[in-house]
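Asks:
Residue numbers (the numbering used here): 1 to 149.
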């Protein structure tokens with residue numbers, strides 16, 4: 001099933017959850033771009049309120065970390081028998097910042113492994129940069145506790 005898209009209802013469910021149930025992700029303007037059985041792509045639009053006081057303004061690194069954590073966890077949900085009733089909780093999160101982000105941020109998470117109780121995802125965040133065009137601005141890996149019941 002790798003890279004096979006989920007039914008549109010799954011993407012709509014996650015988007016609705018973000019907009020109606022998750023205040024922080026909604027406030028950021030998070031959008032589900034693509035959702036498959038072992039990956040998800042989320043984006044957050046550039047917004048001055050989310051920037052560092054630099055010239056030119058660049059997105060705060062916490063936004064990249066949020067995208068890495070959120071996308072990494074959601075990517076694992078299709079591995080659960082009931083993706084809406086089961087749970088996912090972050091055990092460990094590692095973020096490496098590569099360069100400044102000066103535009104919309106897009107995170108693509110891919111499942112590395114979904115075991116019986118722990119799953120691991122790797123995530124790349126891309127954005128327009130002040131000098132290099134659209135490039136990876138952060139990479140991360142998360143380990144998540146999978147609550148299958």
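Virtual Cβ for every residue (Gly too), placed ideally from N, Cα, C.
Every value quoted in this text rests on a predicted model; they were computed, and no experiment measured them.
I need the DSSP call for residue 97, collapsed to helix, strand or coil.
Replies: Three-state DSSP puts residue 97 in a strand.
Asks: Considering only the beta carbon of each residue, do residue 110 and residue 47 sit closer than 8 Å?
Replies: Not in contact: residue 110 and residue 47 (Cβ atoms no closer than 8 Å).
Asks: By alpha-carbon positions, which one of 51, 118, 77 and 35 ends up nearest to residue 7?
Replies: Cα-wise, what sits closest to residue 7 is 35.
Asks: Would you mind working out which of 55, 21 and 84 sits nearest residue 130, comparing C-alpha positions?
Replies: Nearest C-alpha to residue 130: 55.
Asks: What residue does the alpha helix (DSSP H) around residue 69 start on, and which one ends it?
Replies: Element bounds for residue 69: 61-76.
Asks: Residue range of the beta strand (DSSP E) that residue 34 falls in?
Replies: 31-36 is the span of the beta strand (DSSP E), which, as asked, contains residue 34.
Asks: Using a 10 Å radius around the Cβ and a threshold of 16 neighbouring Cβ atoms, would you call residue 9 buried or exposed?
Replies: Label assigned to residue 9: exposed.
Asks: Is the distance from the Cβ of residue 65 to the Cβ of residue 95 below 8 Å?
Replies: Yes.
Asks: I need the boundaries of the alpha helix (DSSP H) containing residue 11, first residue and last residue.
Replies: Here the alpha helix (DSSP H) through residue 11 covers 8-21.
Asks: Please work out which residues of its chain come closer than 6 Å, Cβ to Cβ, to residue 78, disregarding the five sequence neighbours upstream and downstream, and give them in chain order.
Replies: The residues are 37.
Asks: May I have the straight-line CA-CA distance separating residue 19 from residue 28, to the nearest angstrom?
Replies: Answer to the nearest angstrom: the Cα atoms are 10 Å apart.
Asks: To the nearest angstrom, how far is the alpha carbon of residue 150 from that of residue 148?
Replies: For the chain, the structure presents residues 1 to 149; residue 150 sits outside this window and is missing.
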